[in-house]
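A.B. asks: Okay, handing you the structure first.
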Amino acid sequence: MATPIRQSGFSLVELMVSVVIGMLALLFATRLVVSGETTKDAAVGGSDSMQNGMLAMFQLSGDAGISGWGLNDRTVAGCNATFSDARGYQLLTAKRDGVDITPLAAVVIQSNGANPDVISFNSGTSNAGVGSIKIMGDYNGESYITGDADRPYGYNDGDVMVVAPQTPDRPCTVMQMGGFNPATGQGANVLLKTGGSYRYNPAAALAQAYAKSVTYMYNLGRPGLLHLHTWSVNNGILLLRGTDLAGAEQAGVSVADNIVSIKAQYGFDTRVLANYDPNPAGNGTQKLPTANNGMQIGVWSGAMIDADGDGVNGGLGDYQRIAAVRIAVVARSKTAEKPNLAGVCNATTVRPTVFATNTPSGVAAVPVQVNVAVAGDTMDWKCYRYRVFETIVPILNAQYRP
-17 MATPIRQSGF SLVELMVSVV IGMLALLFAT RLVVSGETTK DAAVGGSDSM
33 QNGMLAMFQL SGDAGISGWG LNDRTVAGCN ATFSDARGYQ LLTAKRDGVD
83 ITPLAAVVIQ SNGANPDVIS FNSGTSNAGV GSIKIMGDYN GESYITGDAD
133 RPYGYNDGDV MVVAPQTPDR PCTVMQMGGF NPATGQGANV LLKTGGSYRY
183 NPAAALAQAY AKSVTYMYNL GRPGLLHLHT WSVNNGILLL RGTDLAGAEQ
233 AGVSVADNIV SIKAQYGFDT RVLANYDPNP AGNGTQKLPT ANNGMQIGVW
283 SGAMIDADGD GVNGGLGDYQ RIAAVRIAVV ARSKTAEKPN LAGVCNATTV
333 RPTVFATNTP SGVAAVPVQV NVAVAGDTMD WKCYRYRVFE TIVPILNAQY
383 RP
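Numbered by the numbering used here, the letters in the sequence shown go through residues -17 to 384 in order.
Here you go:
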């Protein structure tokens, strides 16, 4: 009887086991690739938000650190400014007892609740910014202003000036001087010129009348170096408008992308000091925090408050009591992460909160939960990862008043 010959190859059972093992290996490999991609997206997204957020914070804190030079006199800080720029820059508006004004101050914040704020940091560059010229003749629309000195040191043709009364009954005015009158005996007359390089003079006369001996002129320096900057966020882009940035006076220029919010709060010194009179007559005896007795943060607020207790919310004294500004930047990842199998994103489940810590110690925090949704974005905000950057910047020039 012939011996049966064994057939070579796999049996059906062996083949099925091999297929199952292969499918399991493929499943594990797929899960490994998906997990790797998810991890990579999270890492790359975190790197993007870190880089963009640090750049934005560097720019904002740098602006805050130099703000206030030439705007620290008690007559100028917070004065309602009449301002015109031939290139289209506009001052940021704020509220004074519920009325819109355009304050000229080291920092001005338009607080928008959960939405991005608009923040201005302002300063001049003149070494004579802390000095002033007293007006020795009533001004009633002439093409010159009569000063009290013949060609004072540091005042040059084209310098940007602030004409401010000692009492807040009328606005201050930003203008450019057109040199001094060359006529004999008229050297104290500061001329007003228009056109050409005199971009801050809409006419050869000021819109306001000013009384002699109670009005001063303050020098903010050369027009090309006047540092009036306004920061905002639009559709995830950090924008900067500035008087010293050609082409950025009106619409602003892009500084960083994937910045979904910027927030700011004033740090007010609300102490009642010795010899303090909230309603001084004339020059008065009102005692304010200075370099001698220091500035101390007592209250954080995104909006102006009656910090000096004179009954006016957002008055001159309130701006003089801004000791610091608290800044927050919220950046998001560049790439949106994929939804889960249910079609729901869970990269971020809760909107970020800023200003949640009690800093300095003993000063109550005023936390704000930030709206991070970007208008026009088809992806849910929960599909992105966010990183929050915060800092506190002292308004150093506020302490060194003339």
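Backbone N, C-alpha and C fix where the C-beta goes; we use that ideal spot for every residue, glycine too. Nothing here was measured: the structure is a model prediction, and the numbers come from that model.
Could you tell me how far apart the beta carbons of residue 132 and residue 160 are, in whole angstroms, since I believe they sit closer than 8 angstroms?
C.D. replies: With a Cβ gap of about 16 angstroms, residue 132 and residue 160 do not count as contacting.
A.B. asks: What is the rounded straight-line gap between the Cα of residue 155 and the Cα of residue 245?
C.D. replies: Straight-line Cα distance between these residues: approximately 29 angstroms.
A.B. asks: May I ask you to report which of helix, strand or coil DSSP gives residue 161?
C.D. replies: If DSSP states are grouped into helix, strand and coil, residue 161 belongs with the strands.
A.B. asks: Examine the Cβ distances between the stretch 362 to 374 and the stretch 301 to 310 and report whether three or more of them are shorter than 8 angstroms.
C.D. replies: At 8 angstroms Cβ cutoff, the stretches touch.
A.B. asks: Thinking C-beta only, is residue 286 closer than 8 angstroms to residue 76?
C.D. replies: Cβ atoms of residue 76 and residue 286: closer than 8 angstroms.
A.B. asks: As a quick exercise: from 333, -7, 39, 141, pick the residue whose alpha carbon is nearest that of residue 52.
C.D. replies: The shortest Cα separation from residue 52 among 333, -7, 39, 141 belongs to 141.
A.B. asks: Under three-state DSSP, which class holds residue 264?
C.D. replies: Model confidence at residue 264 stands at a pLDDT of 47, short of 50, so the residue's coordinates are unreliable and nothing is read from them.
A.B. asks: Under the DSSP definition of a beta bridge, which residues are partnered with residue 79?
C.D. replies: Looking at the DSSP assignment, residue 79 forms no beta bridge with any residue, so it has no partner.
A.B. asks: With DSSP as the reference, label residue 337 as helix, strand or coil.
C.D. replies: Of the three classes helix, strand and coil, the one that applies to residue 337 here is coil, per DSSP.
A.B. asks: Please state whether the Cβ-Cβ distance between residue 313 and residue 34 is less than 8 angstroms.
C.D. replies: Yes.
A.B. asks: Here's a check: name, in chain order, each residue in its chain whose Cβ is nearer than 8 angstroms to the Cβ of residue 150, leaving out the five neighbours to either side.
C.D. replies: 61, 62, 297, 298.
A.B. asks: Are the beta-carbon atoms of residue 49 and residue 88 separated by less than 8 angstroms?
C.D. replies: Yes, these two residues count as a Cβ contact at 8 angstroms.
A.B. asks: Shortest alpha-carbon distance to residue 41 belongs to which of 316, 120, 323, 102?
C.D. replies: When each option's Cα is compared against that of residue 41, the closest is 102.
A.B. asks: Distance check for residue 335 and residue 351, CA to CA, integer angstroms please.
C.D. replies: One C-alpha to the other measures close to 4 angstroms.
A.B. asks: Helix, strand or coil for residue 327, going by three-state DSSP, please let me know.
C.D. replies: Of the three classes helix, strand and coil, the one that applies to residue 327 here is coil, per DSSP.
A.B. asks: Which residues mark the beginning and the end of the beta strand (DSSP E) in which residue 222 is found?
C.D. replies: It spans 219 to 224 - the beta strand (DSSP E) in which residue 222 sits, taken as one unbroken run.
A.B. asks: Please report how far the alpha carbon of residue 230 lies from the alpha carbon of residue 293, in whole angstroms.
C.D. replies: Near 38 angstroms, if we compare the C-alpha coordinates of residue 293 and residue 230.
A.B. asks: Nearest CA to the CA of residue 302: which residue from 86, 315, -4, 164?
C.D. replies: For residue 302, the nearest C-alpha among the options comes from 86.
A.B. asks: List the endpoints of the continuous alpha helix (DSSP H) containing residue 55.
C.D. replies: Premise fails: residue 55 is in no alpha helix (DSSP H) and is neither H nor E.
A.B. asks: Anyone know if the C-beta pair for residue 171 and residue 163 falls short of 8 angstroms?
C.D. replies: Yes.
A.B. asks: Under 8 angstroms: do the stretch 184 to 191 and the stretch 118 to 133 share three or more Cβ pairs, one atom per stretch?
C.D. replies: Contact holds: three or more Cβ-Cβ distances are below 8 angstroms.
A.B. asks: Here's the rule: buried if 16 or more other CB atoms are within 10 angstroms of the residue's CB, otherwise exposed. What is residue -2?
C.D. replies: So residue -2 ends up on the exposed side.
A.B. asks: Pull up the distance between the alpha-carbon of residue 100 and that of residue 349, whole angstroms please.
C.D. replies: So the alpha carbons of these two residues sit roughly 18 angstroms apart.
A.B. asks: Per the contact definition of three or more C-beta pairs closer than 8 angstroms, is the stretch 206 to 220 in contact with the stretch 231 to 240?
C.D. replies: Touching, yes, given that three or more Cβ pairs across the two stretches are closer than 8 angstroms.
A.B. asks: Give every residue of the same chain whose Cβ lies closer than 6 angstroms to the Cβ of residue 66, excluding the five residues on either side of it in the sequence, and list them in chain order.
C.D. replies: So the list reads 184, once near-sequence residues are dropped.
A.B. asks: So the candidates are 213, 242, 247; which of them puts its Cα closest to the Cα of residue 234?
C.D. replies: The shortest Cα separation from residue 234 among 213, 242, 247 belongs to 213.
A.B. asks: Could you pull the DSSP bridge partners for residue 122 from this structure?
C.D. replies: According to DSSP, which records beta bridges pairwise, residue 122 is partnered with nothing at all.
A.B. asks: Hey, out of 195, 277, 341, whose CA is closest to residue 377's CA?
C.D. replies: Ranking the options by Cα distance to residue 377, first place goes to 277.
A.B. asks: Taking Cβ positions, are residue 68 and residue 253 nearer each other than 8 angstroms?
C.D. replies: No; because the gap between Cβ atoms is not below 8 angstroms, this pair is not in contact.
A.B. asks: Just how far apart, CA to CA, sit residue 153 and residue 198?
C.D. replies: So the two alpha carbons sit approximately 13 angstroms from each other.
A.B. asks: Since residue 302 is in the beta strand (DSSP E), which residue starts that stretch and which ends it?
C.D. replies: Run containing residue 302: none in the beta strand (DSSP E); it sits in the alpha helix (DSSP H), 298 to 302.
A.B. asks: In its own chain, which residues sit with a C-beta less than 6 angstroms from the C-beta of residue 321, not counting the 5 before and 5 after it?
C.D. replies: The residues are 327.
A.B. asks: Which first and last residues belong to the beta strand (DSSP E) in which residue 61 is found?
C.D. replies: Element bounds for residue 61: 61 to 64.
A.B. asks: According to DSSP, is residue 364 helix, strand or coil?
C.D. replies: Residue state, collapsed to three classes: helix.
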